[in-house]
Each structure stands twice: as structure tokens, then as C-alpha cells.
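Single-structure report; data block below.
Residue numbers (this note's numbering), protein chains in the order written: chain A, 321 to 517; chain B, 7 to 292; chain C, 1082 to 1523; chain D, 16 to 347; chain E, 1499 to 1699.
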């Protein structure tokens, strides 16, 4: 039951993007389409999972004062692993996300969970937390990407909604659209949070 | 182990080592001595920063507690004894059980009891109306009913009863005292919660002479002194035409409410009386 | 034509009673004389219940520096000294006297003869003004003797007489300037002597051309006094605005007019000073305008202090059926009364009756940030900002935004197209900020 | 007798109210509207009506069902937003795009911030910029002015005079060679040029502006400092090289400058309060307009200039206080 | 288990171990992925080349400097049965609306353009990105034209190329990139072909 709560809190109540406002850089940068959002979300989830697991394993071995540098090294390693693997085996996705993959290192979501959760909880909870938070992040990015794709290109996951019409409201493909969509999704999530609370 | 592995392990490893050495030196140089217990205590506090303890916020209270190393005279109204007990446990101190308190509204000047004599227009705040005039009902101490107290409540423990025009305090009041400060007429008072939430108090603060007070409000305390005579515990004092029940002396015996000719004494959360004697509405002396 | 530069509004003038000559109001049955009719410390009663008093007799003594004596306005018996609802809407201490005849204290010259020669020395003038309980009759009721005593190290070089009457509707000063001009001019000379200045300027708005002409004709006989017509603009009657308009000096923020060598007195005060010094008559009556669109006979009365306001309204033709608001003072700065039986005090310059249709404020909308309040504020403040700061209880910021400079002229609330209660909120801010400052200075 | 009313002073209030101001602005827009109806025909009328109706509709929907507060669609502010939005889009814009622009203006720029008086940016301009970024193709096709026609389709489009000059200069052509390609100045002043619905006739807009000045709806500071700074900056550049930089008068009477300076920049909600603040704001608008027009990617910079300066308004309000009475003058 | 104290030896040791472990893992992953990454990159390049030249079985690469200076261009000579069938030029321009655009231009040996495909750009999505073949067939108009006889400029600039609506700058830049490729091609390859009939490389 407790694990379930840890797992689900990342979806709405503590949604990393729309409620905790963590990891906004990738959330705004890569979400030009639902697919990009999904890819970035899953990549981050993987890093989160890895770093949370390792951090919670070695949390008692690490002296307090070198905690942060160690976490960063661990996170950076996982990010590099993702980057290399993706470039090798998913070159297309890598091309559209390429610039933002290294930025996962400084995504405060990953660091934040490592510091705030994994370094205080056991492995099981940490993994569940990483999965919940990562999926919440993925959900948020996919939603934002989907919204922008629907309005900006009249398509979702690359499937045209109106045959023959490809040019949507350009502003949603551009950076301002990311901010606008973000703002209204934050409103929506705060509303949902209030409603479910 | 090939070359790349070797180079990366050596370079990154030595980088880590150097970083650790620098960190250690920096940590030695800039050691900050802050009592770690402050953090622990602050963690325990509710974090509402309501100011009910009389200090500038929860952190300030935590610092004060740790500095003084005692809980003497400290209280956290929202957290109550539970929180203070926890803090005491953490610090190894002894917490004095404090009687739980709650805010009460000492005015019954509803629209029915104190019918409006003029109409007010303008900024709907008590703060301004209080400066402008005595209030629609004419009682210079009565509730203005524009809800400054409700606006000041951070705990959602108050609401305005739109029928009577009086604020009502709910049971989740933490007695932080914000409403007491917000009321320009000092109608609200922090009182002891009482056993089973039972309370008896004079619901009026008008100090005018009986006749004058009564003219504006049917349920004003007219200072007749009947309750003072009735009370066997010296809990009731009469000053400036106004009776006041000391909540530390009151034993909740329920003797005084029936004798009040204007029903100014209120009892809360008591079971209904079996046969309530008719209250004689005696004409008050001018 | 001269006027002040910063801000100002021009509400409809509606001077309905400007051609009604001053009438003497019949004595009421009882008078209620509040003990606090002036700015500062209330006076202490020196009579007790049952005493019989004569008109002009001292009944309460102002003992503090900023306080004023209070005299009985009628002869009769003291009925009680009790809390009575006054014009503030609150119960305050007052002396209630039952009127019996009209016997005046000895030594008071009730004749209408003009006495021009000033026999008293400056010190004697000041103590006479103090003794006779003269206060500023423009509305602020600041004890006049305090103004006539120039503090050490400061010098006054010009006396400014406020005949502006910038409030719409009110005409009491206007009528006084027409009917008691000579007495008033002598009063001005008395004040000039007390202050040791050789220049006095009477500022009159040019919506009173008859008063200006009348004074112009008379002033050659009174050296040093000049009359200056001013453009009609509210709040020209504010001390600081009037000084700016007449001699182009700006009183620094938080300072008194003496800082720039000016002393400002109202025409009504000048008349009262004349009566006190030349006729030995204390301030027991004043000119009160009773007006309003529904009033049958808008009039100007000489009323004894303490007369119930209801009596004045009755004398002006009774209270109209649809009256929605009764105001003590002018429409811009006056106070709405909650009880029309409240007494006339030394500061009551007019009684204004508004019909129900004109009582209500405009519906309140969001602030549309049109900036009109800021552009018309005669003190150069930003009312929209002060109102927001005050309603959010940010009194520190109120102080840095100079809320204490606000003269509560009401121009901001008058001009606001959104009908926002700006002045209401600023007043709260001013009160609370004042409290905060006093607490800090203690 | 009725109960007496008690309220704080003052007890008299001006006749002016929010809706009177708003309808005053609307009234002053009539000349500009007539000119555009003459030149662009039924298309302009349709765009204007669509914008006004949809702005009111969206305001109604949002206030009634989303905010669940009082509905104030008749206070005139939504009508103005609609009219102004219509005035700054091409007459040939498809009507559904006008509806989207209205939704953005009302929903995003106005209601999201809390409704009338709380918005940071001018709603009409936000709507326009949103449309411009979203539908660059349609928003860059300006119909050529003709005499009144009821034709809705097949409108001949052509570049605005500003675009002609900008493109030409970018290609290294001389201004003196380009000017013959655009109508005479007198003709431009009357509104005979390609452009958005209501911004074409500088003269008609000036008329409206004078009406608003007389009714004291706007003050002279913002339009004067805006137009003045555009004149001066364009004049300086023109004096440096009249073959590269077009003369200041051309800048003044083409594009949306007049409409922007008189109606958009002076929007009460989004402009500064104090006199000096207004002047600084106007100069900022003028500077940015010229910078965007001459050095930027777009031929027209009024909308962006005003929106950028809108963002500075809180700062300007903080920095430029009205002159306080009795304040000691600093440094003489 | 209590946390380790922050002593000197602990700090240094932990950080060293963490970094060493991390770098070892990374080096391993690098070694594992180096090959596939290189393959992926090469495949991408091959794909781009194959789009702009006729079918080939052998590639030769050589770099030439463009006549107006700047970065050198990579020429990929494509052979089919040892006969030169096309030259794919990796060209660039800095005149894009938002920075550099790179493209692969394929020429027939006689100088006609076979096809053009973009490689990288940061142009406005929805407007400038119409140079992308997957987004629009705009760039098909370059197919088969001979830059010798066709002016590689948009019509607005008195050229023969249709501009992209509302993105003239991008179209202009793309023309510039192709022109650069052609100029270099003409300088270094075409002149030789014309003199010698067949370039010897």
C-alpha cells in the first residue's frame, strides 16, 4: 500500500513537471511532438531508475560532504550510458533529442530524487519512487508534446488528424508555445490535485 | 583492460581524488557551527508561520527553544501539546501540558438582535468601518460583520454566517490569534477549550450603560450583576457595566446562563437542558 | 489666474445657497456641547450637573497645549454630562444644557458696531484667542492660538486667509465674506499684529465674484491686505495647496506651513478672532450652510454650538422625503451622519442632504490602471498603489510611498471611473502606518 | 423614512465610468473603420464583426462557466479588444483565424491574468502576435486597397509599403528608386495602401486620437513621445544616408504606427501611470519600433515594440513616480 | 548502519572509488558502442549521399576549399563500375534565418544537379523547415537544373527559384549553399573535366 502511494504520487499529486516544477528545461525544449516527449521521458526514467538504485545502495558508504559530487558522477555516468546506447542503436531518436540528453545530468528532477528520496530510503522504495516519478515525468512530457503536436501540426505521434493539412498553429511548435502549453497544463494539474486531494 | 579504459579510470579517478581533497580543505576552513537541533525542532513544527507563538515564525520559535533549552512559556497553538511533546522528547526536556485553547466570538449582535439603523457603503472592511462610525447596528463595540477576521484566518477555521452577519469559529481553530489581531474591536478572545469542548462566556463586550446598550442590541450585557451573584466560584467579575467570566475559575456549572436577563451568556457544546426555565426579560435600568 | 499646479479636480459646484443671506437660527430647547470639538486633547468640564450657566461662560477648559476652551452657547441649566452620539457616530463626552432665556456673560459686547482700533498687544491677542476657545473653522478645528504662536527660530512673513471654499455646495464662508467683510478684515489685522507680519493675502476662488469685488472695495482701508482671485479647483482650500497657489511655496513633506514662513487661517476664524479680541465674545456660534438638491430653502444660518442638526434642517424646510444621506461638512471631505440629532460643533461648516438617488457609490469594478487618481492627487501620491498596499497590510511600503502626506481630500475616490474605495483603504493605511510610526518613535 | 447611508468621504463621484471610457474609445474608432470599409469592402466589415462578436462570446463563456463570476461583457472592454484586434489583422484573414485570435486575446491575454485591469500585455496585440507567429503566411498577405467591394474571395494581395522598402533595401536598392513603387504620401495618409484593416489611414486615426484627447480618455504623453521618438530616430538615420534609410514621414504614416501610438500604447491597463513614466514608455516604444523596422526581421515592429514595453511597465511605474508635493528637488 | 564520518581518508577514498567505478563502466560501454555508433554515422552519411547521386558501388572522398573562403567542402565521388556517376558535395551556408544550414548537393559529372537534401538546420519549424524533403517538395525544383544556365536565386532577387512562402531568407540561404557547392565543384572538378575529359583522382 505504501509502495503504491509512492508510485502513484508522481502522476498528479507530486507531478515532477507540473506540480514540483522540476526538469523544466527538457520539458520545454524537446516537447515539439508527443514522440519526442515520450522518448525524453523514458530516457530520464532510465537514468532516474539507475541513479536512485545506486544511490540508495551506497548511501551509507558515502560521507556527507562528498555526497553531492558522488551523486553527480553516478548520474552523469548513467546519462552517458544512455547517450552512447541511444546513438548506437536509436540514431533517429538521438538526432532529435541529441542536444538534450547530456542535459539530463543537470535535470534537477534526477538530482532532486537522489538527494531527497534515495539517500534516505531503502532500495525497494527508491526504485518504486524512481519509476513513479519517471513515469510522471514521461506522462507530463508526452502530454505537453502531444498538446503541442496536436495544435501545432494537427497530428499525434506522427499520425495526421486532418488528412492533407500539415501546417497547424506554428506558435505551438516554437518556444512560446511550450511556455503557453506548460502554463495551461500547470493550471489543469493544480485543478486536478485540488480535486483529488 | 584496454587503453581507453585505463586512461579514463586514471583521469576521472584522480579528478575525484583532487576534488575530495579540495572539498575536505574547504569544509575545514568554512565550518559553520549551527546547532543541528534547530533544524530538527523546526522540522517538527507545523510550518504554518502563523505567529501564534508570538515569534516571527516557526524557525524563530525553533531557534528560541534551542537557545533557551527549555519550553517554559513556549507554545505552538496550531501544533498543540502533541508537537510540543515531540519537541520535548527530541531535546530531552519536559513539556508542560498546556490547556488547549480556542477563539470565541464575544458578540451576538446579529441583524435580528441589533437591527441596522443606517446603511454602510464603501470599502467592506471592518478596519475602515470602525474608523468611520459605530456600525450599522449602532453598538460601538459590536461586530461590524465585514469579515476582517475571516480574511485573516490561515487555517480555514472561520466563516461568516450570512444570516446573522456574525463570524463563526469552527472546531479546527488552532487559536493562533490572527483574528484577534484583525478585529478592530477586539471582539474575539482566545479562551480555554474546556472539557469536551464545553465553554461558557459572556457574548458581549459593550461597556455602555445598560439602557444605552440595550437600545441598540437586545442581547447586550447590561451589567445587572445577576450572574455575579449566582456564581459560587468568583469566576465572574463586573466592570464598566460588563460581566466577564474568567475561564480559569469557571467550572462550567451552567448556573449563570439561565439567570441572565438578556441571554448574553452563551454555553457551547452542552447537552440540552431538561427543562429550561423561562428567562424573564426584565426591563433594564437606564 | 493663480492656482496650484499639481493635480486637482473640479466637481460640479452646486452652490445652491450662495444668495441666501445669513439668518439667525432660533434657540433650541437643549444644546449638547461635546467636549472634543477641536483637534487635540478634549477639554475638561468645569461645571457639573445642575449648575446654571450663562451664554459665553466657560464650561470646559482645554488644559493641554493643543486643546481649546469650550464655552456655553446658551444660558440655562446643565442637565447632564454624559456620553452622547456626536457627528463622529460614536458616543463622546458632552455637556447637555437646557436652554432658559438668553442671558450673556458680563463683559461681552453684543453690539453690531465695528471696532477698528486694536488695543491689545500681540501676547494679549494670543492669550485672548486661547481663552475664547477659537479653533480653525474650515473644518480641521486646529486650535488657533497655537498657529498664532510662531515657534522659536521660525519667522512668519505672510498671513494667508483662506476664503477659497473649494468644497461644492458650501457657502458659509462666501456669505461671511459678503456680510461680515469689515469685521473679518479687522480680524485679519489682529492676526497680523499677533504674528508680526505686514502682509496678508486673502485667496478667493473666482466663482465668488461678488465677494471678490466687495473685498476689493474695502481693502484700501486696511494696509497690507490684498485679495487674490483664484481659479476654481478642488482642493484649493487645503493649506498646502493654498500656499502653493498664492505665494508659490511648497511646504515640505511632513512639515507645517510655518516652515515656509506662512500661517493660514480661515475667514471664519478671522471673524471669530475679531469677535474674541474686539468684542470679548467666545466662540459660541458659527455660520452653517444647510443645503442639498432636495432642500426646500437652502440657507445659511448662524447657529449656536450644540444645536441639534435636526433643528437646522427643520429651519431650512424640513428633511426631504427621499433623503439618503446627511453630511456634516462638504461633499468632498464631510462626514456622513448616522444620527441627525448630533450637535453642531465648532467645525460644522455645512449640513448637506443628499437624495437617495445620489447617495450610492458607483458599482466597484477592477482597477483599470487608468492612472487618473495619480494624475489628480494634489499631493502627488499614487492612490491606486497606496490602496492596494493598505489592503494587503503592507504598511512599511505605505510609509515609503508617503501615505502620511495624504490630505484625505477625496479627489481620488471622486475621479475613479471604476468606483474603487481608494480613500477608504488609504485611510486605514494612514491610520495603521501612523500607529506604526508612533510606536517606533516611542 | 429610509435608512440613512453612511460612507466615507467624498460623497460625490464623477460621471465617468469604465464603460463610458470604453465606448468613448469605440466611438473614436469610427473614422478609421469607415476608411477601411471603403478600401477593403465587405471583407473588412466581416473581420471586424467576427472579432467583436467572438471576443464578447469568449468573455461570456469564460466569465460564466470557467470563473463563475459576474459577467461583464457589456462594459465595452471586450468590444474594444475585438475591434482593435480586427484593426491589426489583414482584411483577407480567414474568419476562423480571427476567432482564434479573439480566443487568444480574451482567454490567454486577459482572463488568464484575472480579467480587465489585471492583464500585463495588451490583449489585442497578444492576439495579433499569436496569429502572426501561428499563421505567418496568411498574416503576411495584405489585400490591395480598392474602392468598396462586396467581394470576399480572390482579393488581390500585395506587400505593404514598409515591406516594399524593407525588401528593396535588403536587396541593395536605393530608397529613391523604391519610393515610386508605393503610393503618394497624401494617398498614404488617406489610407490608400496595403495593410491591416484599421491601420491604413493615419488621418482617420489621428481624428479619433484628437477626440480621445478632448474627452481626456488618453493623455498626450504617450502618443507624442512615441511618434516623436520615431520621427527623431528615423530622422537621424535618414540624415546619415537617405538612400538606405527612408525618411521619417514615411515611417510615421505607414504601417501600424499611428494606430499603435494612439490606441495600443495608450491602453490604460498596460501603460505607466506617471507622466514621466509615460514619456519614457513612449520613447522606448519608438526606439524599439525603429530598431525592429530597420534592423529586425519583420518590416513592421509596432506590435512587438509595444508588447516589450508593456513588460517594462511595472518597472517604469516603480522608477518614475509622480512628482510629490513638497518633495525636495534633487540636484536642482 | 550509520553514515560514514566525513574524515579526510573517507572522503578521498569514496570519491576516488566512485569516480573510478564510473569511469570504468563508461569506458566499457564506450568500447561496446564505439562500433555501432561509427556504423550508424556512416550509414547516415551513405544514406544522404545515396539520395543525391545515382546508384554507385564505390565512394571516394576529398576536401576542397570553396572559392570564397570558409570551411572546406567534402566531395564524395561516386563510382559505378569505376565510372564516375555523380559527386555528392557536403555544403553549407551561414545565411540561414537562424544560423548555419548544411546540405548535400549531388551533381552529375557534367555539372547538372541530381538532387539536393538538407543535413542539418535550425530554421523555423513550419516555415523554413520546408527545405526538408520530408516536410515539403520545395527542394525538388533543384532536380536536374544546370547552375550554369539557371540563376540560383529566388525570383524576388531576379533568380529562377521559387521562394518558400514567408521564408524567403531560408530559400535564399539554401540557394547560397547550392551555389557554393557548384562554385567549388566548377573550380576544382568541372574545370578539370573540361580540360582532360575525365578527372584523374
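Glycine included, C-beta positions come from ideal geometry on N, C-alpha and C.
Keep in mind it's a predicted model, so treat the numbers as computed, not measured.
The region 137-153 of chain B makes no contact with the region 1457-1470 of chain C; the number of CB pairs closer than 8 Å stays below 3. Beta-carbon to beta-carbon, residue 1488 (chain C) and residue 1319 (chain C) are separated by about 5 Å, close enough to satisfy the 8 Å threshold. Between residue 1162 (chain C) and residue 1130 (chain C), the CB-CB gap stays under 9 Å.
With a 10 Å radius around the Cβ and a threshold of 16 neighbouring Cβ atoms, residue 132 (chain B) comes out buried.
In terms of beta-carbon proximity, residue 422 (chain A) stays away from the interface with chain B, with every pair separated by 9 Å or more. The beta carbon of residue 1116 (chain C) lies closer than 8 Å to those of 1123, 1124, 1125, 1126, 1141, 1151, 1173, 1174, 1175, 1176 in the same chain, with the five residues before and after it left out. Boundaries of the beta strand (DSSP E) harbouring residue 1346 (chain C): 1343-1347, taken from the DSSP string. Inter-segment contact for the region 262-279 of chain D and the region 212-221 of chain D is present: three or more beta-carbon pairs are separated by less than 8 Å. DSSP, reduced to helix, strand and coil, places residue 1138 (chain C) outside both helices and strands of the structure shown, so it counts as coil. It is roughly 14 Å from the alpha-carbon of residue 338 (chain A) to the alpha-carbon of residue 357 (chain A).
Shown here, residue 493 (chain A) sits in coil according to DSSP, grouped into three states, outside any helix or strand. Interface criterion met: the Cβ of residue 409 (chain A) is under 9 Å from a Cβ in chain E. Counting along the chain, the unbroken beta strand (DSSP E) around residue 1366 (chain C) starts and ends at 1366-1372. The alpha-carbon separation between residue 183 (chain B) and residue 1287 (chain C) amounts to approximately 56 Å. Not a single CB atom of chain B sits nearer than 9 Å to the CB of residue 346 (chain A). When rounded, the separation of the alpha-carbon atoms in residue 479 (chain A) and residue 1668 (chain E) is 27 Å.
Rounded to whole angstroms, residue 117 (chain B) and residue 117 (chain D) show a C-alpha spacing of 47 Å. As DSSP reads the structure, residue 1173 (chain C) sits in a beta bridge with C:1165. The contact set of residue 156 (chain D) on chain A, defined by CB atoms closer than 8 Å, is empty, because the minimum CB distance reaches about 14 Å. Three or more Cβ pairs closer than 8 Å define a contact, and the region 1501-1510 of chain C falls short of that threshold against the region 1364-1383 of chain C.
Going by C-alpha positions, residue 1139 (chain C) is about 21 Å away from residue 1192 (chain C). Residue 55 (chain B) is outside the set of residues whose beta carbon lies under 9 Å from a beta carbon in chain C.
Annotation: the continuous beta strand (DSSP E) that includes residue 1560 (chain E) extends over 1556-1562.
The C-alpha of residue 33 (chain D) lies about 10 Å from the C-alpha of residue 1445 (chain C). Pairing residue 1518 (chain E) with residue 374 (chain A), the inter-Cα distance amounts to about 15 Å. Residue 149 (chain D) has a beta carbon lying within less than 9 Å of a beta carbon in chain A. For residue 483 (chain A), no Cβ of chain E is located within less than 9 Å of the residue's own Cβ. A buried status is given to residue 1226 (chain C), since no fewer than 16 other beta-carbon atoms sit within 10 Å of its beta-carbon. Taking a Cβ-Cβ cut-off of 8 Å, residue 190 (chain D) has no neighbours in chain E, whose nearest Cβ is about 18 Å from it. Residue 46 (chain B) is outside the set of residues whose beta carbon lies under 9 Å from a beta carbon in chain E. Restricting attention to C:1113, C:1159, C:1149, C:1197, the CA atom closest to the CA of residue 1355 (chain C) is found in C:1197. In the DSSP annotation of this structure, residue 125 (chain B) is not part of any alpha helix (DSSP H); the continuous beta strand (DSSP E) holding it starts and ends at 124-127. At least one CB atom of chain E sits nearer than 9 Å to the CB of residue 15 (chain B). Close CB contacts of residue 107 (chain D) within its chain, under the 7 Å cut and outside five residues either way in sequence, are with 58, 156, 158, 170, 172 (chain order). By the neighbour-count criterion, in which 16 or more other beta carbons inside 10 Å mark a residue as buried, residue 72 (chain B) falls on the buried side. According to the DSSP assignment, residue 1512 (chain C) belongs to the alpha helix (DSSP H) that extends over 1503-1522.
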